[in-house]
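Residue numbers (our numbering): -11 to 194. We put the CB at the ideal spot given by N, CA and C, even for glycine.
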Amino acid sequence: MNRIACAGLAALALSTLPALGAEEKSTVSREQVERVVAAAWSKLPPELQARVEQDQTMRDCSQYHNDPPKPVADAILVREKATIVYPPDNQFMGDWKKGEKSALSGYGGRMGDDPQRGNGGNCYACHQLTTSEISFGTLGPSLLGYGRAKDFSPAAQKELYERIYNPQSALACSNMPRFGHNKFLTVDQIKDLVALLMDPNSPVNK
Ligand code: HEC
């Protein structure tokens, strides 16, 4: 495994590291684990280094096992919402055909992936979106008919953009990746995914 793949695993490990209760005694402290991880990935490019270190929201979610008390959850929502970068023209609908390609693609962030090629949204890994694609994950709810269920409203387009850009702005300690916040997807790619879910002509709404 190369350093980049390892960094991904390390980030995952840190974000899911349980805060041990009194009854779950460990001989290794959280600080020791963090020291070992930091030492093992000390020569990463800065953008990956940032992913190995937990931000405040990840620390809060680890500490409370993804079930933070209301004041902490409210603070997460406010903090994460403030990170959202909106399309300059406030238009949230891109091209659903590009969105569908992106939703099907798990390209990006893996060993050997070319950062110039652009990453995929990989939405099908966790969601059903269309009836034509029968291979999908079920960690997230089915998004079949999403736009229709929202009456194709402009307000729902904006909410969906925010949800994809940074799910923690809608649900504290969400299990969905922060695609825009982590610069994994671009503003235009997120607009294409909004169109996939919200365009009446998209297979999601047929
Ligand atoms: C790693 C799994 C995972 C991936 C990948 C993922 N999601 Fe999610 N998503 C979830 C989960 C889990 C939820 C349920 C609420 C939560 O935890 O945020 C969710 C919730 C949602 C919701 C809200 C649904 C509702 O009932 O209101 C939307 C919309 C959504 N995801 C869109 C997307 C899109 C678009 C993509 C691709 C860019 C995507 N998701 C990728 C896991 C994922």
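By a beta-carbon distance limit of 8 Å, Glu121 does not contact Tyr134. Their separation comes to about 14 Å. Within the stretch 32 to 84, the complete alpha helix (DSSP H) segments at least 4 residues long are 34 to 40, 44 to 51, 58 to 69, listed from N- to C-terminus. Between the ligand HEC and His53, a heavy atom-to-CB distance of less than 7 Å is absent. The shortest C-alpha to C-alpha distance from Phe80 to any of Ser30, Thr45, Pro142, Gly128 is the one to Pro142. No residue range can be given for Ala158, since it is assigned to no alpha helix (DSSP H) and is classified by DSSP as neither H nor E.
Between Phe172 and Ile152, the C-beta gap is not smaller than 8 Å, which leaves the two residues out of contact.
Measuring C-alpha to C-alpha distances from Gly108 to each of Ala91, Met99, Val73, Tyr74 identifies Ala91 as the nearest.
Using a Cβ distance threshold of 8 Å, Glu68 and Asn154 count as a contacting pair. For Cys49, the Cβ stays outside the 7 Å cut-off from all heavy atoms of the ligand HEC.
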